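Numbering (my numbering), first residue to last: 79 to 265.
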């Protein structure tokens, strides 16, 4: 899995959740995850979560750390599992950096004291499975009660680099685990 932290700041609108985004925009061909900081405002025409669409939920934040993951030859079930793995990696890293915090992961969302840290969605395209995962860098501009990396004095860039490294390692290990097992009945 290829990774890249993008130094420039730009908004996430949902338009980045499309096939070959990392390749066409940033030159990363194949399974990849890119990260950057920027605002978030997802208009309904780019929203893919049916529950959010039905509820007319606003998804926004003035400053978030965004991750877009793309993997090939995988299905939606794998994408949701990858999304939850990503949430677990993020929560684990925060717990290591701030052991006094009691974080809860509920599905693909992370909470602290009832306030939401993350947003996420998994979906499929004609050629790949994609995940958008983002954590609040600050609590400004969010439509619900949130917590943020700034609450714990965690640098968004340093955090992103550690998450990218952990995701790359975990994904590589996951793929290797599928390649070292004999099929049942092969003895």
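Just so you know, even glycine gets a beta-carbon here, dropped at the ideal spot from N, CA and C.
Since the model is a prediction, treat every value here as computed from it, not as a measurement.
Go to residue i, then tell me how far its alpha helix (DSSP H) extends in each direction, as first and last residue.
i           : result
residue 237 : 234 to 256
residue 168 : 154 to 175
residue 102 : 99 to 104
Pull the bridge partners of residue i from the DSSP assignment, please.
i           : result
residue 210 : 146, 199
residue 189 : 182, 194
residue 224 : 194
residue 87  : Residue 87 is not bridged to any residue.
residue 80  : 110
residue 139 : 118
Would DSSP call residue i helix, strand or coil?
i           : result
residue 131 : helix
residue 218 : coil
residue 94  : coil
residue 265 : coil
residue 151 : coil
So residue i is in the beta strand (DSSP E); what residue range does that whole segment cover?
i           : result
residue 110 : 110 to 119
Quick one: measure Cβ to Cβ for residue i and residue j, integer angstroms, because I've assumed they're closer than 8 Å.
i           : j           : result
residue 188 : residue 181 : 6 Å
residue 100 : residue 149 : The pair is not a contact, with the Cβ atoms about 11 Å apart (cut-off 8 Å).
residue 212 : residue 144 : 5 Å
residue 95  : residue 126 : 7 Å
residue 116 : residue 89  : 5 Å
residue 198 : residue 186 : 4 Å
residue 175 : residue 244 : In fact, because the Cβ distance is near 12 Å, the residues do not count as touching under 8 Å.
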